[in-house]
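Novice:
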DNA sequence: GATGAATGAGCATTCATTCAT
DNA sequence: AATGAATGAATGCTCATTCAT
């Protein structure tokens, strides 16, 4: 009978649990097709309880999508600091962090959510542009400019189109989301092949 | 007010009008958030009329998403035939067709639809994998293999990961869909830069 | 190609065809669950054509239910005339006509229709009370009174409750409609047993 | 205006209220013509609340029609036990219970419902055949066989067609449902007259 | 007359949100 | 705080009826 009813909790923890449940639901079915009751059930609480932490479904979504991104940035930022390391290593690390933190995480569903619900939630799109894209591109721009200056790039013009470097990452997510079930895409190979294409060989010889 | 009521039409034309309206609506708001009445209104017809052409919302969506892709394939396929032309030109043509037929068309919203609704409509995902991705990759694989054999690729390993060539196209759509309002991405420049990175310079000079 | 389209017909015949189709449909599914299109399809005509003969669904139903009963009465009425024949024979004939004209005909579904839709169509109920019940009871009353006077009834009080004589007929229809599939009810035996109960044995023997 | 809003209730009681309201509605207008909103309104609750207790309209109907019959059976069954009492008294009790429990109750509308919706709900028909008809006939068969053996029946053959005994009950309901407004039928008289016809007089004289 | 595409009111059902407990 | 029954607006779909052909 000890059905852990009316379990009280640290509000912050409760909030986090709801966000986690909400993310799983939204990622699975999209915003419109997710029922608040699904979220509650997944969080192991009652429907009404969700409303004690979020005023409505829309706000739950926005808080969720915004909050989930923040942690990613930190590490990536460090990349730019180290002037010493070769650009190729920096970009490789970029992919590596992306792989570890996004592609191989539940966060890989984020893109789908943002892309899918973007038009309905401009706030979210803007948030991502401002907080993630802008910062990511800025970092890449710096790293690529440095690489170009050092002659590490086969095509220095790449430094002007840092989106090109993001493209394989994007592809890896989209593929993982849609087609992984039909055919496996080896993300690391995709990244490495791109790195080999982007950068002049490091000639360990002589 | 030209109320054009009870306008009869060629069934095929009517069907096409509905599909066009539906595409606009679905692209704008997603499957769940689109009301059949919206579609009808956009097509300038009554709610019930939609059901004379499609049995239900789901089928309207599937027929729509499936039908809209078909026309794309034809032209791309021709690319592979011409053995004579340089690989770079072939890939450039691939991007060009993509730009003309998808990126600069309403079809650019397709990716969003597929990505967003994929999990709810596995039929659609499978259709796209089978009809578009598989065929597109096959073509690229042939072209790239040929290029590798001819020494046209800076990194011949690219021939094994044709998804790499698709990545910039993907990026161009995602950017156009989400961030174009905040910052312009010059798709042609993206493609050209990538081509310059991918292929060894043709050195017309000396 | 000779798809007998836009077949013109004698209006009366067309009307009759529609009524027949409508009866089949209404009997099968009831008023509300019958679609005008079903009726049209069953009559082998287009939806709109029904409306050339009946102003609306309700009127189709009323005309139908009213019209289908009329033919029954005639023969029964004759029963009362023949003063000479024994009451038992007259009542037997009543059941016989009922069996032949109603129970073993599609008309057996009439009761269901009237009972089911009665509250929604008081006109129909009233019509049946006035045209069928009243007349049928009147005839039975005369026959039974005569029988009582002649000492043919085991219980002369039956002459005051002619509904009692109708009851087995009612039972035969209800049973045929609902339970015949589970267990057979031999209507003739039901009637004969009732006749044997109702009337004093005729004892042809000394 | 005592708007008694958001009144919470014992679930069982709520369910019973809905069933009662549903019965009234279905009895009045039939299955198809009854709107769930009517049911809700009649139960004094909101539309959605009905769905907290029944998954859909069909199930509401089936549960309703099935549930309403159960209570009838009990008492009737006792009839057969008492071997001592004369068959006539037993059958008289049968009619009496029927009158009290069905004819003079809202349950008298049940026949209409079953007859009307039978073809659309075979489950219901089968339920009634199995639970009511079969059992009722079995009891009558026993009582009548006993009566025949004791020479209480004017026509012993009646014991083979127990439906004959049910017929007056059926007539009383159908009449009450359809024609009572036009002409009164004295049910007790109908039953008594039938009993007097069925059984040999009990000779209270001497 | 005959047709059947078009219309839109109508209804079953869902689900975000509220609130009495 | 937590619950979940209750609410009612919203939406997919149907079908009686109309009307251009």
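Residue numbers (my numbering), protein chains in the order written: chain L, 52 to 257; chain X, 52 to 257; chain Z, 52 to 257; chain W, 52 to 257. For every residue, glycine included, the Cβ atom is placed at its ideal position computed from N, Cα and C.
At least one CB of chain Z closer than 9 Å to the CB of residue 179/W: is that the case?
Specialist: yes
Novice: Quick one: what does DSSP say residue 178/L is sitting in, helix, strand or coil?
Specialist: helix
Novice: Evaluate the contact criterion for the region 70–78 of chain W versus the region 150–169 of chain W: three or more CB pairs, one atom per stretch, below 8 Å.
Specialist: yes
Novice: Using beta-carbon positions only, say whether residue 249/Z and residue 221/Z come within less than 9 Å of one another.
Specialist: no
Novice: Going by the DSSP bridge assignment, what does residue 82/Z pair with across the sheet?
Specialist: Its beta-bridge partners do not exist; DSSP assigns none.
Novice: What residues in its chain sit with their C-beta under 7 Å from that of residue 61/L, if we drop five residues either side in the sequence?
Specialist: Here the set comprises nothing.
Novice: How should residue 200/X be labelled, buried or exposed, when 16 other C-beta atoms within 10 angstroms of its C-beta is the threshold for buried?
Specialist: exposed
Novice: Return no unless some Cβ of chain W is closer than 9 Å to the Cβ of residue 170/Z.
Specialist: The Cβ of residue 170/Z sits closer than 9 Å to at least one Cβ of chain W.
Novice: State buried or exposed for residue 151/L, treating a residue as buried only when at least 16 other CB atoms are found within 10 Å of its CB.
Specialist: Result: exposed.
Novice: When the distance is taken between beta carbons, is residue 198/X closer than 9 Å to residue 138/X?
Specialist: yes
Novice: So, helix, strand or coil for residue 172/X, using DSSP?
Specialist: coil
Novice: Quick check: what's the CA-CA separation for residue 183/L versus residue 120/L?
Specialist: 8 Å
Novice: For the alpha helix (DSSP H) that residue 186/X lies in, which residues bound it at each end?
Specialist: 185–200
Novice: Around the C-beta of residue 252/X, are 16 or more other C-beta atoms found within 10 angstroms, so that it is buried, or is it exposed?
Specialist: exposed
Novice: CA-CA distance, residue 110/W and residue 191/X?
Specialist: Using only the alpha carbons, I get a separation of about 57 Å.
Novice: Cα-Cα, which of 113/X, 188/X, 223/X and 185/X is closest to residue 239/X?
Specialist: When each option's Cα is compared against that of residue 239/X, the closest is 223/X.
Novice: Identify whether residue 103/L lies in helix, strand or coil by the three-state DSSP scheme.
Specialist: Residue state, collapsed to three classes: helix.
Novice: Just checking, does the region 228–235 of chain W make contact with the region 165–182 of chain W on the three C-beta pairs under 8 Å criterion?
Specialist: The region 228–235 of chain W is not in contact with the region 165–182 of chain W.
Novice: Verify the CB distance criterion: does residue 137/W have a CB-CB separation below 9 Å to chain Z?
Specialist: no
Novice: CB-CB under 7 Å to residue 87/X, same chain, minus the five flanking residues each way: which ones, in chain order?
Specialist: 98, 101 and 108
Novice: With 9 Å set as the bound, which would you pick, yes or no: does the beta-carbon of residue 184/W sit closer than that to a beta-carbon of chain Z?
Specialist: Judged by the 9 Å Cβ criterion, residue 184/W is in contact with chain Z.
Novice: Measure from the C-beta of residue 202/L to each C-beta in chain X and report whether the shortest distance is under 9 Å.
Specialist: no
Novice: By Cβ distance below 7 Å, which residues in the same chain neighbour residue 65/W in space, the five residues on each side in sequence not counted?
Specialist: 104
Novice: With burial defined as no fewer than 16 other Cβ atoms inside 10 Å of the residue's Cβ, what is the status of residue 106/Z: buried or exposed?
Specialist: Exposed is the call here.
Novice: Counting only beta-carbon separations shorter than 9 Å, does residue 214/Z have a partner in chain W?
Specialist: By the rule that beta-carbons nearer than 9 Å mark a contact, residue 214/Z touches chain W.
Novice: Can you give, in chain order, each stretch of the beta strand (DSSP E) that sits fully within the region 111–143 of chain X and has at least 3 residues?
Specialist: none
Novice: Going by the CB atoms, is the gap between residue 112/W and residue 172/W shorter than 9 Å?
Specialist: yes
Novice: Output the distance between the C-alpha atoms of residue 147/L and residue 207/X, rounded to the nearest integer angstrom.
Specialist: 23 Å
Novice: Kindly list, in the order they appear in chain L, the residues whose Cβ is closer than 9 Å to that of residue 233/X.
Specialist: 176, 177, 180, 181, 184 and 185
Novice: Short of 8 Å in beta carbon distance, which residues of its chain neighbour residue 167/L, apart from the five on each side in sequence? Order them along the chain.
Specialist: Only 81 and 82 meet the Cβ criterion.
Novice: Which residues in the same chain have their Cβ closer than 8 Å to the Cβ of residue 241/W, if we skip the five residues on either side of it in sequence?
Specialist: 219, 222 and 223
Novice: Short of 8 Å in beta carbon distance, which residues of its chain neighbour residue 256/X, apart from the five on each side in sequence? Order them along the chain.
Specialist: Note that residue 256/X has pLDDT 48, beneath the 50 cutoff, so the model's placement of it is unreliable and no number is given.
Novice: CA-CA distance, residue 246/Z and residue 115/Z?
Specialist: CA-CA distance, residue 246/Z to residue 115/Z, rounds to 33 Å.
Novice: Between residue 74/X and the rest of its own chain, which residues show a CB-CB distance below 7 Å, the 5 nearest in sequence each way excluded?
Specialist: 115, 119 and 157
Novice: Return helix, strand or coil for residue 70/W, following the three-state DSSP convention.
Specialist: helix
Novice: In the DSSP output, which residue or residues are listed as bridge partners for residue 204/Z?
Specialist: 250/Z
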